[in-house]
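Following: one structure in structure tokens, then a few remarks.
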Amino acid sequence: MKAFFSVFRMRLRMETQYRGAVLGGIVCQVFFGLILIAVYRALYAGKPQSLPLSHVTTYVWLQQAFFRMLLSSDAELMDKIRTGGIAYDLCRPVYLYGFYYARIMAQKLMGSLLRAFPMLVFAALLPEGWGISLPASLPALMLSLAALLLGLCCVCAMENISMALTMRTLDPRGFQAMLNLLMMILSGNILPLTLFPDSWQRVITLLPYAQMLDAPIRLYTGEYELTQGPGVILLQAGWTTLLVLAGMMLWRRNQDRLIIQGG
Amino acid sequence: MNTVRLYLRSMGILLKSQLQYPLSFLLQTLAQLIMEGGEMLAVVLLVDRFDHLNQWSAGDLYFFFGLMSVTFYITECFGRGITGNFPSMVRTGQLDTLLIRPRGILTQVLCSAVDPRRITCIAVGTVSLILGSRMSRVDWTAANILLLAESIFCGFWLILGLFLIEAILCIHSVKSVEIANALTYGGRSACQYPVDAFPRSLRTLFTVIAPFALVMHVPASRILGKPIFGWPDWVAWISPVSGFVLFAVMVFLFAKAMRFYRSTGS
């Protein structure tokens, strides 16, 4: 356990090194958020929906702020797999699944927190109808924070699976790229899941992708009421457990028969 | 003419090398299909929910989306050297090798990469264009076809010019500059919808500074028979040239920036 904490701490420090790049990323992300909201505003002006516009803008800002949580970004680990450098990690006397889980989690946590804070402050300062609105209630905020944490665990488990699959195929660009794109669509990054047709939402919200950011955001805006909270959390926890178990199994299989790229 | 031959020859060689790993290529192409398919799905679902955007019907919106997607990915496919590889060329010092060869830098950069995986994105865009023109009952006269071709052609140079901004910043700062993405990828995301959907500041940005509206929306709206901004017909033939102008300005600035190029030395 101590080893996991120290790798976690190391990655946290690394994430804070490139502050200039972070700033550039934030400006871009904010710009994208403004564009999306402008489009939704124009659409809403033509045909108002039962879902309030403020929920949509809040959804967009929270998605943009925590974008880094979804995006798989550990290029270094990918390189290790491709070049065979992963052999060094295999020699470490730690449980590999946990080792990578901690590493990925630190990166996602710090990466998104660094970006989320300034972006959410900016979004809160925007005029009515453009910015982020306050959470539905204090308990809703608490619940959505808990859900966000669980969502993070869920994303990390998912990424560990795609990492394990990359070890199989050695080429991250095909398989992993596809999983990533699926994630962008089904987690509500490209289009808020709340704007999908209502009949689709019944299925989509049950998928693991919806547990990552969609569920916390819906708890925040009050789309999911407080009474639904425990059910949502349970679903998240269920998927996370399932994905972690699947990931552990895949890693064990990988370690049993592994071919390291030479060089 | 020699330059064109050189470019075509490079493309042939690069294409061959990419096809050496057929499975990987296939998977990556498929990933591109999912990506652009997802973008189109978003437009389809929005249209399903909202019916229209200002005066633009569902068909019009598909048409605008298709035009942007075809143009943008043709650029990413054939201009990969500028749109993708340039920052890493500067960082690794690979650009130095281009300096000693008897050809222009930009020519060589353009010849250095092609991205055939984008073909599926272009296909999605084409489907959207056809679907949109059917739904909006576009009359495909010779003039309209020519206007569409002009728009795509000028759009290619416009987008290439915008990516040159990143290249220019990169020469000065060595690191790739993410902020420049706001104009390129941001422009794509925004201007797949007609520009009059946006508030004044964004509209000005995408009309005057990064003239997506002049290059794409003015001719497209003329083809759809609903001229944007209420401008007369002949303007649609002239306004796309602004893409070319932007590219020319950027080439000039690029040449100036190259005078400051200091090799990274690795």
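Each protein sequence line maps, in turn, to chains A and B.
Each position in the first sequence, counted from 1, maps to that position plus 16 in the numbering used here.
Each position in the second sequence, counted from 1, maps to that position plus 2 in the numbering used here.
Ideal Cβ placement from N, Cα and C applies to all residues, glycine included.
### Neighbour-count burial assignment, C123 of chain B, 16 or more Cβ in a 10 Å radius
Under this definition C123 of chain B is a buried residue.
### Task
Identify each residue in the region 136 to 161 of chain A for which the Cβ-Cβ distance to at least one residue of chain B is less than 8 angstroms, and report them in chain order.
Under the 8 angstroms Cβ criterion, the region 136 to 161 of chain A contributes no residue.
### Message
I need the straight-line Cα distance from T221 of chain A to Q227 of chain A, nearest angstrom please.
### Response
Between T221 of chain A and Q227 of chain A, the C-alpha separation is close to 7 angstroms.
#### Entry: Cβ-based neighbour list, L223 of chain A, same chain, cut-off 7 angstroms, excluding 5 preceding and 5 following
Result list for L223 of chain A: L202, in chain order.
### Message
Excluding the 5 residues flanking S223 of chain B on each side, which residues of the same chain have their C-beta closer than 6 angstroms to its C-beta?
### Response
Same-chain partners within the cutoff: P229 and I230.
### Nearest-angstrom beta carbon gap, L168 of chain A and M126 of chain A [assumed within contact, 8 angstroms]
11 angstroms between Cβ atoms; not a contact.
### Query
Nearest chain A C-beta to F88 of chain B closer than 8 angstroms, yes or no?
By this cut-off, F88 of chain B is not an interface position.
### Task
Label M199 of chain A either buried or exposed according to how many other C-beta atoms from any shown protein chain fall within 10 Å of its C-beta, with 16 as the threshold for buried.
So M199 of chain A ends up on the buried side.
### Task
Please check if any C-beta of chain B sits within less than 8 angstroms of the C-beta of G41 of chain A.
Yes, G41 of chain A counts as interfacial toward chain B.
### Task
Verify whether the separation of the beta carbon atoms of A33 of chain B and A193 of chain A is less than 8 angstroms.
Yes.
### Contact set between the region 45 to 67 of chain B and chain A, restricted to residues whose Cβ is under 8 angstroms from the partner
Listed by position along the chain: L47, L48, D50, R51, F52, D53, H54, L55 and N56.
### Distance, D98 of chain B Cα to F249 of chain B Cα
Going by the C-alpha atoms only, they are around 24 angstroms apart.
### Query
Is it a yes or a no for the region 76 to 85 of chain A touching the region 68 to 85 of chain B, going by three-plus beta-carbon pairs under 8 angstroms?
Taking a cut-off of 8 angstroms on C-beta distances, the region 76 to 85 of chain A does not touch the region 68 to 85 of chain B, as fewer than three cross pairs fall below it.
### Query
At least one CB of chain B closer than 8 angstroms to the CB of G100 of chain A: is that the case?
Chain B contact via Cβ: absent.
### Query
If we ignore side chains and look at the alpha-carbon of each, how far apart do L112 of chain B and L10 of chain B end up?
Cα-Cα distance, rounded: 11 angstroms.
### Query
Taking Cβ positions, are L166 of chain B and I84 of chain B nearer each other than 8 angstroms?
A contact, by the Cβ cut-off of 8 angstroms.
### Query
Closest to W146 of chain A by CA distance: which of A:A54, A:L59, A:L159 and A:R84 is it?
Shortest Cα-Cα distance from W146 of chain A to any of A:A54, A:L59, A:L159 and A:R84 involves A:A54.
### Task
Would you mind telling me which residues of chain A sit closer than 9 angstroms to E168 of chain B, beta carbon to beta carbon, in chain order?
Identification of chain A residues near E168 of chain B by a Cβ-Cβ cut-off of 9 angstroms yields none; the smallest Cβ-Cβ distance measures about 11 angstroms.
### Task
Flag L197 of chain A as yes if its beta-carbon sits less than 8 angstroms from any beta-carbon of chain B, otherwise no.
Judged by the 8 angstroms Cβ criterion, L197 of chain A is in contact with chain B.
### Query
By the criterion of Cβ-Cβ separation under 7 angstroms, what are the contact partners of S191 of chain B in chain A?
One finds F48 and I51 in chain A with Cβ atoms closer than 7 angstroms to the Cβ of S191 of chain B, taken in chain order.
### Query
For E41 of chain B and chain A, any beta-carbon pair shorter than 8 angstroms?
Among the residues facing chain A, E41 of chain B is included, as its CB has a counterpart in that chain under 8 angstroms away.
### Query
Looking at C-beta atoms only, is the number of pairs between the region 23 to 41 of chain A and the region 107 to 121 of chain A that lie closer than 8 angstroms three or more?
Touching, yes, given that three or more Cβ pairs across the two stretches are closer than 8 angstroms.
### Message
Taking the alpha helix (DSSP H) that A139 of chain A belongs to, which residues open and close that run?
### Response
Boundaries of the alpha helix (DSSP H) harbouring A139 of chain A: L112 to L141, taken from the DSSP string.
### Query
Among the residues of its own chain, which have a CB less than 8 angstroms from the CB of T74 of chain A, if the five just before and after it don't count?
Cβ within range, chain order: I148, S149, I233, Y236 and T237.
### Query
With a cut-off of 8 angstroms, do at least 3 Cβ pairs link the region 113 to 132 of chain B to the region 190 to 210 of chain B?
No, they do not touch.
### Message
So, for R39 of chain A: in the same chain, excluding its five sequence neighbours on each side, which residues have a beta-carbon less than 8 angstroms away from its beta-carbon?
### Response
In the sequence as displayed, the identity of residue 39 of chain A is Leu instead of Arg. The beta carbon of L39 of chain A lies closer than 8 angstroms to none in the same chain, with the five residues before and after it left out.
#### Entry: Per-residue burial, N183 of chain B [other beta carbons within 10 Å of its own, 16 or more giving buried]
It counts as buried.
#### Entry: Nearest-angstrom Cβ-Cβ length linking L133 of chain B and L207 of chain A, presumed shorter than 8 angstroms
That belief does not hold up - the Cβ atoms of L133 of chain B and L207 of chain A are roughly 19 angstroms apart, past 8 angstroms.
### Query
Do you know how far the Cα of G245 of chain B is from the Cα of W159 of chain B?
Our two residues, W159 of chain B and G245 of chain B, have alpha carbons roughly 6 angstroms apart in a direct line.
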